[in-house]
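Going by the numbering used here, the first residue of the sequence shown is number 3, and it counts up by one from there.
In this text, a Cβ means the ideal position worked out from N, Cα and C, and glycines have one as well.
See below for the structure under consideration.
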Amino acid sequence: MIIVLDKSATPEQIDLITSKLLEGGYHAHPIYGVEKTVIGAVGVPEEEKPNLVEQFEALPFVERVITILAPYKLVAKAYRPEGTVVRVADKVTIGGQQVCIMAGPCTVETPEQTLSTARAVKEAGAHMLRGGAYKPSTSPYSFQGLGVEGLKILAEARAQTGLPVVTEVMDPRNVELVCRYADMLQIGTRNMQNYDLLREVGKTRHPVLLKRGMWARIDEWLMAAEYIMKGGNENVVLCERGIRTFETATRNTLDLSAVPVVKQESHLPVIVDPSQGTGKWSLVTAMSRAAIAAGADGLIIEVHPHPEQALKDGAQSLTFENFQQLMAEVRAIAQAMGKGV
Ligand code: PEP
Ligand code: MN
């Protein structure tokens, strides 16, 4: 904490501040400049800073107080420097030396569409099945997903293939229901700052895939993860899915620099969604390679048996064949990174 004093501050006033700090058991380091005096306060606990800032700023001879706050605690690297490995359904790990590939349709449309996709992605080597039963839509007139019917189809696909399921939950009232069917809860980009939803998934012990808000800075995204961890749920995986920029050549700008930034700042695993990130199937494989090369712990990829017939996100969905090709290329990059797929 740094206390910047007004030019007119007298030696007595400077003493007043230093003695107040010493009384509290902290250290005070005054620096006497030509223009003004600055006092460095060392050892003030995080929780006492806001109060102390207010008290000092109320003094007429204090210009301002600057705090060096650590905004997140539980998600910070220091909390678990060795890194976190999240386990899903006691089968799959995310973080560590294995790259985790989640794949499946954007949206659950029919049992055949979901089951055939689940079998195809499993055969190609995917570790988890994705698919939306509750779909957030910009337009209230477009398909909103099959709801519980969709969850049942996903559960059937898991029974047939053994692939754990990740699916989106949008409403805090549905968290318990989605937990009954899915192995991992996805929080979509539009809900990254839905604090009631974050608190609700924080009460469960289900793994959570927290997507970055399309308008969110990395620190805001990490604070959203802090909400979930504060509730006691430490099974959080972050997902970079692209942000809004001035660029229109891609649906979003896939911010791959977020991957090493998160790795520096946090112990949580981070995966990448190049499907929402680019909006174009022809760009998905290249950005998947780049994501793994940047250090991502996994990918989430949209795959459809007939992308041209998809009810949602067909333009960014891979055919079964294209997904196989993606897996082959990602394996090679993962190997170069010293990881397995
Ligand atoms: C999705 O995964 O299909 C999806 C809607 O993702 P996002 O929330 O990142 O847009
Ligand atoms: Mn989608």
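Lys213 has its CB nearer than 6 Å to a heavy atom of the ligand PEP. Exclusion of the five residues before and after Gly45 leaves Tyr28, His29 as the residues of its chain whose Cβ lies within less than 6 Å of its Cβ. Taking C-beta atoms as the reference points, Leu179 and Val203 fail to come closer than 7 Å. Among the bridge pairs identified by DSSP, Ser268 is matched with Ala78. With contacts defined by Cβ atoms closer than 7 Å, Val101 and Lys341 form a contacting pair. With a cutoff of 7 Å on beta-carbon distance, Phe58 and Ile5 are scored as near each other. Around the Cβ of Ala334, a 10 Å sphere holds fewer than 16 other Cβ atoms; the residue is exposed.
Counting along the chain, Pro32 sits inside the beta strand (DSSP E) bounded by residues 29–34. One thing to note: Arg243 has its Cβ no nearer than 7 Å to the Cβ of Asp221. Check the Cα spacing between Thr191 and each of Ala128, Thr109, Arg246, Lys93: the tightest is with Arg246. Gln266 and Pro83 have their alpha carbons spaced roughly 10 Å apart. The way I'd put it, the segment 224–231 does touch the segment 68–79; three or more beta-carbon pairs between them come closer than 8 Å.
C-alpha of Leu301 to C-alpha of Pro138: approximately 21 Å in a straight line. Per DSSP, the continuous beta strand (DSSP E) segment holding Met186 begins and ends at 186–189.
Set against 6 Å, the gap from the CB of Cys181 to the closest heavy atom of the ligand PEP is not smaller. A distance below 6 Å between beta-carbons, with the five flanking residues on each side excluded, links His129 to the following residues of its chain, in chain order: Val94, Cys102, Ile103.
The beta carbon of Thr252 sits closer than 8 Å to those of Gly244, Gly279, Thr280, Gly281, Lys282, Leu285, all from its chain and outside the five residues before and after it, given in chain order. Classified as exposed, Thr140 has fewer than 16 neighbouring CB atoms from the shown chains inside 10 Å of its CB.
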